[in-house]
Amino acid sequence: MFDDFFTRALIAGVGIAIIAGPLGCLVIWRRLSYFGDTLSHSALLGVTLAYAFSMNITLSVFIISSVVAILLINLQKRTKLAGDSLLGLLAHSTLAIGLVLIGFLTSIRFDLMGLLFGDILAVTTDDIALVWIGGIIILGILYFIWKSLFSATVNYDLAAAEGMRPEISNLIFTLLLAAVIALSIKMIGALLITGLLLIPAAIARNLSNSPKQMIIIAILAGIASVVLGLFTSLELNTSSGPSIVVVSLALFILSLIPLEIRGQLQK
Amino acid sequence: MAEKNNLLVKLDNGGVYKSSKWLVRGVSLELYKGQIVTLIGPNGSGKTTTAKMILNILKSDEGKIESYTSKMAYVPQKISIDWTMPLRVIDFMKLTNHINNADITEALKLTGVEDLLYNQINNLSGGEFQRVLIARAIAKKPELLVLDEPVQGVDFNGEIALYNLIKKIASTLNCGILLISHDMHFVMSATDHVICLNGHICCSGSPSAVIKDSAYIELFGEHTAATLSLYKHHHDHSHETDGSVAK
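Chains as they are written, first to last, in my numbering: chain A, 1 to 267; chain B, 1001 to 1247.
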């Protein structure tokens, strides 16, 4: 069944949606949307370097994203700039360096659109294995550090006081975020991966009462976005990555309706 | 030696240095099981910083700290839960370790908020949230409990009931309590040891000794001592949450 490119895209996309669910919730809770954006912009530099030194793309993106993430954490301690300014600084400078480097690599035919928006229909069996094995490892680590990470998300001091070692889990979380971007850049693209992290979690926020519920709904919403998005792109012959995000947005708008009705009932 | 075994934490000449100044310096204190130690002092005198040193949230930049317990619970001053997270009281109670539902209900009952178990944290009032914070700390059955202005935003009757509760849990749980409080009445009547901070330890000792200390009088003014005796007179009884006189 892996022979069909469409089936392969579905399997890979669903895998990414499952990983993105819990991580996306954490991104929303910790207000890290722009952090995700910065990492994915820097991912472009990672891809360029991978081509330049003929390295593995996933590995190279993971390394660059991790370096940027750690750089950001350290800069935050050292400068008087607010987090969002530093994010902008790093996002655009890494993006610019990436684009400048692409200019030097004239010998290689570069699919810039593919990098920015991904091409989930070009997924190979190896990519599927990477997404699923990588995904299981990411979710396994997340499960292991969950108590510490979650309590630090609610209140850092409380977690630190009660022996949760939040500084370690924060660092690991940052690396996991870099890893999920590295896993999905080929399929979703640098510009859209934050969308797939954020929008399903945002849908879940509208429909949930507890953290656990929010994660489960985020995963389901992510899967629905991928599946419906891919079928839409097949039907209407639109590009697949953007279609997934557009469907996700449509689901988000739908998720607002119950909130409205709830508000009406309470009046 | 018996007292030595009851030692929970010992801070020796601790200090925190930040942005080229000492937030607090030269603080030494010991906390034993069943004991209530209070930190008093004006704003910015380093009370919260000292508490954070004890809890290992902040590293002491000089001196040393010896901890003999890892079962710590903390009621921080002013925390807000981001509304981006759907969090019920029951989820919050289980934040840092698993506590069974019976213990959770029990603790919430003690602070008078057992009805709020399934409410969203974001919908609680300031006073209700404060009660939940205290309940969470109690439910953990800690050996060392650090309370940073725990009754802020709580109504007057509730304040007295909660202070009585704090006094009670020191003995029922046999835990050491480090309390930061502006309620001089409670500090003077219910605590074992008072430390008066103003960037350093101004004076410390039993409440009756501290109140006579010239450093204390200089810091808080003589009228505090005078009001305090008045205060004491008015409060020779306490109230239940419904306003009736407690036995």
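Glycine is no exception: its CB is placed at the ideal position from the N, C-alpha and C atoms.
From a predicted model like this one, the values you see are computed outputs, not experimental measurements.
Please go through the same chain and pick out, in chain order, the residues whose beta-carbon is closer than 7 Å to the beta-carbon of Thr94/A, but skip the five residues on each side of it. Excluding sequence positions up to five before and after Thr94/A, its CB lies within less than 7 Å of the CB of His41, Ser42, Leu45, Val68, all in the same chain and listed in chain order.
Around the Cβ of Ala1002/B, are there at least 16 other Cβ atoms within 10 angstroms (buried) or fewer (exposed)? Any reading at Ala1002/B must be qualified, since the residue scores a pLDDT of 47, below 50, and its modelled position is unreliable; no value is offered.
Output the distance between the C-alpha atoms of Gly222/A and Ala152/A, rounded to the nearest integer angstrom. Between Gly222/A and Ala152/A, the C-alpha separation is close to 25 Å.
Report buried or exposed for Asp84/A, applying the criterion of at least 16 other Cβ atoms within 10 angstroms of its Cβ. Exposed, by the Cβ-count rule.
Within the region 1085-1163 of chain B, note down every full alpha helix (DSSP H) run reaching 4 residues or more, in order along the chain. With a minimum length of 4 residues, the continuous alpha helix (DSSP H) runs that stay inside the region 1085-1163 of chain B are 1089-1093, 1101-1110, 1126-1139.
State the DSSP-derived secondary structure class of Leu1173/B, mapped to helix, strand or coil. Coil, per DSSP.
Where Trp291/A meets chain B, residues with beta-carbon distance less than 7 Å: With chain A represented from 1 up to 267, any question about residue 291/A goes unanswered, as that position is not in the structure.
Chain B beta carbons: is any one of them nearer than 9 Å to that of Pro22/A? False, the Cβ-Cβ gap to chain B never drops below 9 Å.
Does Lys1018/B get closer than 9 Å to chain A when you measure Cβ to Cβ? Not an interface residue.
Just mark Met1188/B as buried or exposed, buried being the case when its beta carbon has 16 or more other beta carbons within 10 Å. By the Cβ neighbour-count rule, Met1188/B is buried, with 16 or more other Cβ atoms within 10 Å of its own.
Check whether the Cβ atoms of Val1146/B and Ile1054/B sit closer than 9 Å, and answer yes or no. Cβ atoms of Val1146/B and Ile1054/B: closer than 9 Å.
Is it the case that the Cβ atoms of Thr241/A and Ile188/A are separated by a distance below 9 Å? The sequence shown places Gly at residue 241/A, rather than the Thr named in the question. Cβ distance < 9 Å, so Gly241/A and Ile188/A count as in contact.
Could you pull out every residue in the same chain whose Cβ sits closer than 7 Å to the Cβ of Asp1213/B, ignoring the five residues on either side in sequence? Taking C-beta separations shorter than 7 Å and ignoring five residues to either side along the sequence, the partners of Asp1213/B in its chain run Cys1203, following chain order.
Give a yes or no on whether 9 Å exceeds the smallest Cβ distance from Thr153/A to chain B. Yes, contact with chain B.
Count the other CB atoms within 10 Å of the CB of Lys1078/B; is the residue buried (16 or more) or exposed (fewer)? Under this definition Lys1078/B is an exposed residue.
Interface positions of the region 155-177 of chain A facing chain B (Cβ-Cβ less than 9 Å), listed along the chain: Look at the region 155-177 of chain A: the residues with a C-beta under 9 Å from a C-beta of chain B are Asn155, Tyr156, Asp157, Leu158, Ala159, Ala160, Ala161, Glu162, Gly163, Met164.
Could you tell me whether the Cβ atoms of Gly1063/B and Ala1170/B are closer together than 9 Å? Contact flag unset, no.
9 Å is my cut-off, CB to CB: does Asn1097/B come that close to chain A? Cβ-Cβ to chain A under 9 Å: yes for Asn1097/B.
To the nearest angstrom, report how far apart Tyr1163/B and Gly195/A are at their CA atoms. Tyr1163/B and Gly195/A have their C-alpha atoms roughly 49 Å apart.
Of all the options Ile73/A, Ala17/A, Ser107/A, which has the alpha carbon lying nearest to the alpha carbon of Ser54/A? Comparing Cα positions, the closest option is Ser107/A.
Measure the CB-CB distance between Ile193/A and Gly135/A and report whether it falls below 9 Å. Not a contact, by the Cβ cut-off of 9 Å.
Of all Cβ atoms in chain A, is any one closer than 9 Å to the Cβ of Met1093/B? Using a CB distance cut-off of 9 Å, Met1093/B does not count as an interface residue toward chain A.
Kindly indicate if chain A contains any beta-carbon less than 9 Å away from that of Leu1055/B. So, interface residue.
First and last residue of the beta strand (DSSP E) that includes Lys1021/B? Unbroken beta strand (DSSP E) run through Lys1021/B: 1021-1032.
Could you tell me if Glu1218/B is buried or exposed, where buried requires 16 or more neighbouring beta carbons within 10 angstroms of its beta carbon? When all chains shown are included, Glu1218/B counts as exposed.
Just grab the DSSP bridge partners of Lys1018/B for me. Its beta-bridge partners are Lys1021/B.
In this structure, how does DSSP classify Val1210/B when only helix, strand and coil are distinguished? The answer is helix: DSSP assigns Val1210/B an H, G or I state.
Reference Asp1183/B, options Lys1021/B, Ile1040/B, Lys1018/B, closest by Cα: For Asp1183/B, the closest of Lys1021/B, Ile1040/B, Lys1018/B by C-alpha to C-alpha distance is Ile1040/B.
Using only alpha-carbon positions, find the residue among Thr1111/B, Lys1047/B, Val1154/B that is nearest to Ser1125/B. Of the candidates Thr1111/B, Lys1047/B, Val1154/B, the one whose C-alpha sits nearest the C-alpha of Ser1125/B is Val1154/B.
Does any residue of chain A have a CB that is nearer than 9 Å to the CB of Ala1139/B? It does not; no Cβ of chain A falls within 9 Å.
In the DSSP assignment, find the unbroken alpha helix (DSSP H) run with Lys1047/B in it and report its ends. Following the DSSP letters along the chain, one finds Lys1047/B inside the alpha helix (DSSP H) bounded by residues 1047-1054.
Any idea what DSSP makes of Val180/A, helix, strand or coil? The answer is helix: DSSP assigns Val180/A an H, G or I state.
Between the Cα of Ser33/A and those of Ile185/A, Lys186/A, Leu87/A, Ser210/A, spot the shortest distance and give me the residue it belongs to. Minimum Cα distance to Ser33/A is reached at Leu87/A.
Residues of chain B with CB closer than 8 Å to the CB of Ser208/A, please, in chain order. Pro1086, listed in chain order.
Residue interval of the beta strand (DSSP E) (run including Lys1064/B): It spans 1062-1067 - the beta strand (DSSP E) in which Lys1064/B sits, taken as one unbroken run.
Once DSSP output is grouped into helix, strand and coil, what is the label at Ser210/A? Correct three-state label for Ser210/A: coil.
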